[in-house]
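Student:
Residue numbers (my numbering): 338 to 510.
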């Protein structure tokens, strides 16, 4: 079970709307969805939480590139919604290496030593346990790095409280 909401900052405060991520396949799709929520190019936060195992914050400021924070990359990687946030850039991966792997024909018939521990089928680029992304994503909004990193089971509510948006978030929860 997941929960996703958009918080758009306006002249009158924060406005919240729940959002369905079923049609969102990429970070670019998510950023476009967020930008639609704020025609005045104000700050929009996309808050995603999955079964109290991880949460993510995507911040869109006008046409700037999205800023992302994910509380537990390994947990998020097991989620189709988390995979949207875990871009190669966020994980520090070289996207060209992934393209090279796609070109290989690995059908299981290759000659090789089966008892080698070196080749476990991974590319050596495991998703890290713990937080990834920009921990300062909410600094100017009242949620510091230490506070963000210490959030756990009810993170989105705590973020909304710090922003002064808990009531509007609860209306879409």
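Cβ atoms here follow ideal geometry from the backbone N, Cα and C, with glycine treated the same way.
State the Cα-Cα distance for the pair residue 501 and residue 397, rounded to the nearest angstrom.
Tutor: Working through the chain shown from its first residue, we reach residue 501 at position 164. Working through the chain shown from its first residue, we reach residue 397 at position 60. Using only the alpha carbons, I get a separation of about 18 Å.
Student: Please report the distance separating the alpha-carbon of residue 317 from that of residue 466.
Tutor: Residue 317 lies beyond the residue range present for the chain, which begins at 338 and ends at 510; the question has no answer from this structure.
Student: On the premise that residue 468 lies in contact with residue 505, defined as a C-beta separation below 8 Å, what is that separation, rounded to the nearest angstrom?
Tutor: Counting from 1 along the chain shown, the entry for residue 505 is found at position 168. Counting from 1 along the chain shown, the entry for residue 468 is found at position 131. Not confirmed; about 26 Å, so no contact.
Student: Starting from the C-beta of residue 512, find all residues in its chain whose C-beta is less than 7 Å away, skip the five residues before and the five after it, and write them out in chain order.
Tutor: It is not possible to answer for residue 512, since the shown part of the chain is limited to 338 through 510.
Student: For the candidate residues 352, 368, 376, 410, whose alpha-carbon lies nearest to that of residue 428?
Tutor: Against the chain shown, residue 428 aligns to sequence position 91. Considering only alpha carbons, the answer is 410.
Student: Given this structure, state the Cα-to-Cα distance separating residue 484 from residue 476, to the nearest angstrom.
Tutor: If you number the chain shown from 1, residue 484 lands on position 147. If you number the chain shown from 1, residue 476 lands on position 139. Between residue 484 and residue 476, the C-alpha separation is close to 10 Å.
Student: Is the distance from the Cβ of residue 345 to the Cβ of residue 375 below 8 Å?
Tutor: Stepping through the chain shown from its first residue, residue 345 is reached at position 8. Stepping through the chain shown from its first residue, residue 375 is reached at position 38. Against a cut-off of 8 Å, the Cβ pair of residue 375 and residue 345 comes out as a contact.
Student: Starting from residue 346 and walking both ways along the alpha helix (DSSP H), at which residues does that stretch end?
Tutor: Taking the first residue of the chain shown as position 1, residue 346 is located at position 9. Residue 346 -> not in any alpha helix (DSSP H); beta strand (DSSP E) instead, spanning 339-347.
Student: Residue ranges of each beta strand (DSSP E) run of no fewer than 3 residues wholly in the region 347-373, ordered along the chain?
Tutor: 350-355
Student: Residue 415 to residue 351, Cα distance in whole Å?
Tutor: On the chain shown, residue 415 is found 78 positions in, with the first residue counted as 1. On the chain shown, residue 351 is found 14 positions in, with the first residue counted as 1. About 31 Å.
Student: Helix, strand or coil for residue 426? Go by DSSP, reduced to three states.
Tutor: Within the chain shown, the letter at position 89 stands for residue 426. Correct three-state label for residue 426: helix.
Student: Cα separation between residue 359 and residue 367?
Tutor: Within the chain shown, numbered from 1, the residue matching residue 359 stands at position 22. Within the chain shown, numbered from 1, the residue matching residue 367 stands at position 30. Those two C-alpha atoms are separated by around 11 Å.
Student: Thinking just about the alpha-carbon of each residue, which of 420, 361, 347 is nearest to the one in residue 392?
Tutor: As a first step, residue 392 is located in the chain shown; it is residue number 55 there, counting from the start. Closest option to residue 392, Cα to Cα, is 420.
Student: Just the C-alpha distance for residue 417 and residue 339, rounded to the nearest angstrom, thanks.
Tutor: The residue labelled residue 417 in the question sits at position 80 within the chain shown. The residue labelled residue 339 in the question sits at position 2 within the chain shown. Rounded to whole angstroms, residue 417 to residue 339 spans 11 Å at the Cα level.
Student: DSSP puts residue 407 in a beta bridge; with which residues?
Tutor: Position 70 of the chain shown, counted from the first residue, corresponds to residue 407. Answer is 393, 469.
Student: Between residue 341 and residue 356, how many whole angstroms is the CB-CB distance? I'm expecting something under 8 Å.
Tutor: Here residue 341 is taken as the residue at index 4 of the chain shown, counted from 1. Here residue 356 is taken as the residue at index 19 of the chain shown, counted from 1. So it is a contact: roughly 5 Å between Cβ atoms.
Student: Taking the alpha helix (DSSP H) that residue 378 falls in, what are its first and last residues?
Tutor: Counting from 1 along the chain shown, the entry for residue 378 is found at position 41. Looking at the DSSP string, residue 378 is not in any alpha helix (DSSP H), and its letter there is neither H nor E.
Student: Quick check on DSSP: helix, strand or coil for residue 383?
Tutor: For the purposes of this step, residue 383 is taken as residue 46 along the chain shown, with counting starting at 1. The three-state secondary structure of residue 383, taken from DSSP, is strand.
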